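Under the numbering used here, read the sequence shown as residues 1 to 367, first letter to last. Using N, Cα and C, we set each Cβ at its ideal position, and we do this for glycine too. Since we're looking at a predicted model, the values are computed, not measured. Scroll down for the structure; my scribbles are underneath it.
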Amino acid sequence: MKRLAVLALFTATAAGFLFAADGCTINPWNPQEINYYIGGAGGAASTASSGGGGTGGAMTCICDNDDGNECTDDHIDEECPGGDQAACHTAVVGRECTLDGGPGACDSTGECKSCLECSDAECTKRCNGQLCQTGTVCESGFCAEGYCCDSACEGPCNACNRVAGNCSQLPVGMKGDCSVNELCDYEGKCQSTTKLPLGELCTVNENCQSGICIGEICVSVNGQPCVHHLECASHLCNPGTNTCVACGGGFTCPDGAACIVGARCQVLHGQPADVDAECIPPAKVHDGLTCTLPENAPCTDHVECLYHHCNGAPSGTCNGPCGMGNSCPSGTSCKNDIHCTLPPGSYCVTNDQCESGTCAGFPRKCQ
1 MKRLAVLALF TATAAGFLFA ADGCTINPWN PQEINYYIGG AGGAASTASS
51 GGGGTGGAMT CICDNDDGNE CTDDHIDEEC PGGDQAACHT AVVGRECTLD
101 GGPGACDSTG ECKSCLECSD AECTKRCNGQ LCQTGTVCES GFCAEGYCCD
151 SACEGPCNAC NRVAGNCSQL PVGMKGDCSV NELCDYEGKC QSTTKLPLGE
201 LCTVNENCQS GICIGEICVS VNGQPCVHHL ECASHLCNPG TNTCVACGGG
251 FTCPDGAACI VGARCQVLHG QPADVDAECI PPAKVHDGLT CTLPENAPCT
301 DHVECLYHHC NGAPSGTCNG PCGMGNSCPS GTSCKNDIHC TLPPGSYCVT
351 NDQCESGTCA GFPRKCQ
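Spelled out as structure tokens, the structure:
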């Protein structure tokens with residue numbers, strides 16, 4: 001006759017199994033199942049479960065039930081392999097199973113997974129959101145911030161651990177992978193936590209000491225010192241006082257430039273701007289950085305053209321993309337089969353516009 005035995009659980013092994021006082025282990029896939037053991041005082045048989053009483057002495061575990069898990073094989077009425085109650089149910093890695101009504105595969109922990117790829121009876125790929133150290137173990141092929149991810153999740157202000165498995169942009173003010181004294185902004189870019197001086201690159205007005213960011217460059221407000229028109233938010237520097245002023249009211253814009261809404265002047269071809277209204281037609285902010293002329297438009301200098309090649313300058317027409325059989329001016333090169341690089345002295349915004357790879361100064365020019 002079987003009697004219940006009280007099991008005193010006292011420790012956990014590295015495998016995560018709990019051992020009972022009789023030497024048998026509690027099945028981690030179904031801790032409440034009832035197995036039994038034989039032997040002990042008087043040769044009595046007892047059950048081993050989450051509660052009951054025991055007889056003491058030498059005992060032998062006997063597997064006694066089905067754990068109801070389609071990912072395991074059950075060894076019912078057999079001696080517990082190695083005296084290990086957990087071994088009564090063996091995980092069958094790679095077995096087909098059903099998960100939420102769809103097909104799945106069993107992994108080595110006895111769980112049914114929907115995304116695992118199995119070959120040679122071994123599941124090797126992990127779902128998005130599962131822990132990883134390299135993309136080779138992930139079904140997606142991407143491992144970011146320690147999780148299998150739906151994409152490479154590149155960029156200092158993107159992460160795959162906010163919502164595990166899904167690449168998402170970090171909230172404004174988060175550090176991400178930004179440099180010292182930088183935090184993520186609302187566009188997912190790193191921005192300095194200190195205000196930027198005139199001539200530095202910016203994305204919003206709040207980045208600048210002056211409070212004005214135009215053409216991605218910090219510029220001066222009216223009344224502040226200046227030397228060049230492009231140093232001013234109004235695009236107009238009064239040469240008599242060397243201060244930024246608003247156009248109109250006695251102050252006129254440079255030749256060819258009109259005074260537009262906001263009492264600011266248009267900029268010349270090839271100079272930084274934010275919107276098309278700041279350009280002298282037919283120039284537009286084609287590249288998102290400077291006012292440039294379209295293909296076949298009359299030009300006098302390479303910097304005036306969208307693709308940075310004025311064929312026949314100083315009295316020529318703008319060439320098309322350099323990757324379409326068009327050459328670049330002497331001393332420059334074709335970048336990404338689209339734009340020619342700019343020579344030293346040309347107005348610029350970013351380093352990659354310049355043949356030298358350096359855009360600096362105020363106003364910013366290729367060095």
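Exercise. Of all the options Gly270, Val275 and Cys208, which has the alpha carbon lying nearest to the alpha carbon of His309?
Worked result: The sequence position of residue 309 within the sequence shown is 309, counting from 1. The shortest Cα separation from His309 among Gly270, Val275 and Cys208 belongs to Gly270.
Exercise. Given 8 Å as the limit, is there contact between the segment 241-252 and the segment 320-327, that is, 3 or more CB pairs closer than that?
Worked result: No: fewer than three Cβ pairs fall under 8 Å.
Exercise. What residues in its chain sit with their C-beta under 7 Å from that of Leu201, if we drop five residues either side in the sequence?
Worked result: Position 201 of the sequence shown, counting from 1, holds the residue named residue 201. Taken in chain order, the residues that qualify are Glu216 and Ile217.
Problem set entry | Neighbourhood of Gly316 by C-beta distance below 7 Å, restricted to the same chain and skipping five residues each side | Indexing the sequence shown from 1 puts residue 316 at position 316. These residues qualify, in order along the chain: Cys299 and Cys310.
Exercise. If you follow the beta strand (DSSP E) that Gln169 is part of, which residue opens it and which one closes it?
Worked result: Counting from 1 along the sequence shown, the entry for residue 169 is found at position 169. Here the beta strand (DSSP E) through Gln169 covers Asn166 to Gln169.
Problem set entry | Coarse secondary structure for Leu289, derived from DSSP in three states | The residue given as residue 289 occupies position 289 in the sequence shown. Correct three-state label for Leu289: coil.
Exercise. What whole-angstrom Cβ distance do Cys88 and Asp107 have, given they're in contact under 8 Å?
Worked result: Taking the sequence shown and counting its residues from 1, one reaches residue 88 at position 88. Taking the sequence shown and counting its residues from 1, one reaches residue 107 at position 107. Contact annotation, Cys88 with Asp107: C-beta distance approximately 19 Å; criterion of less than 8 Å not satisfied.
Exercise. CB Pro156 to CB Gly129, shorter than 9 Å?
Worked result: Mapped onto the sequence shown, residue 156 falls at position 156. Mapped onto the sequence shown, residue 129 falls at position 129. No; because the gap between Cβ atoms is not below 9 Å, this pair is not in contact.
Exercise. Which value, in whole angstroms, describes the spacing of the CA atoms of Ala144 and Ala159?
Worked result: Counting from one through the sequence shown, the residue named residue 144 turns up at place 144. Counting from one through the sequence shown, the residue named residue 159 turns up at place 159. If I take the Cα positions, the gap works out to 7 Å.
Problem set entry | Buried versus exposed call for Ser327 [16 or more other C-beta atoms within 10 Å across all chains shown] | Reading the sequence shown from its first residue, position 327 is the one you call residue 327. Ser327 comes out exposed.
Exercise. How many angstroms separate the CA atom of Ala41 from the CA atom of Asp66?
Worked result: On the sequence shown, residue 41 is found 41 positions in, with the first residue counted as 1. On the sequence shown, residue 66 is found 66 positions in, with the first residue counted as 1. Note that Ala41 scores 44 on pLDDT, short of 50, meaning its location in the model is unreliable and no value can be drawn from it.
Problem set entry | Ser192 versus Gly199, Tyr186 and Ser179, residue with shortest Cα-Cα distance | What you label residue 192 is simply residue 192 of the sequence shown in a count that begins at 1. Comparing Cα positions, the closest option is Ser179.
Exercise. In whole angstroms, what is the alpha-carbon distance linking Cys244 and Gly199?
Worked result: Translated into the one-based positions of the sequence shown, residue 244 becomes position 244. Translated into the one-based positions of the sequence shown, residue 199 becomes position 199. The alpha-carbon atoms of Cys244 and Gly199 are separated by roughly 15 Å.
Exercise. With 16 as the cutoff for other CB atoms within 10 Å, does Cys24 come out buried or exposed?
Worked result: Counting from 1 along the sequence shown, the entry for residue 24 is found at position 24. For Cys24, the predicted model reports a pLDDT of 46, less than 50, meaning its position is unreliable and no value from the coordinates is stated.
Exercise. In chain order, which continuous runs of the beta strand (DSSP E) of length 3 or greater are located wholly inside the segment 206-273?
Worked result: Listed in chain order, nothing qualifies, since the segment 206-273 has no complete beta strand (DSSP E) run of 3 or more residues.
Exercise. By Cβ distance below 7 Å, which residues in the same chain neighbour Ala313 in space, the five residues on each side in sequence not counted?
Worked result: On the sequence shown, position 313 is the one that residue 313 refers to. So the qualifying residues of the chain are Cys299, Thr300, Asp301 and His302.
Exercise. Opposite Cys334 in the DSSP bridges: which residues?
Worked result: Residue 334 sits at position 334 when you count from the first residue of the sequence shown. Within the DSSP secondary-structure output, Cys334 pairs in a beta bridge with Cys340.
Exercise. In whole angstroms, what separates the C-alpha of Ala91 from that of Phe142?
Worked result: On the sequence shown, residue 91 is found 91 positions in, with the first residue counted as 1. On the sequence shown, residue 142 is found 142 positions in, with the first residue counted as 1. For Ala91 and Phe142, the distance between alpha carbons rounds to 27 Å.
For this session: Kindly give me the distance between the Cβ atoms of Leu196 and Cys208, rounded to whole angstroms, as I take these residues to be in contact under 8 Å.
Result: Looking up residue 196 in the sequence shown gives position 196. Looking up residue 208 in the sequence shown gives position 208. Right, the Cβ-Cβ distance comes to about 5 Å (below 8 Å), so this counts as a contact.
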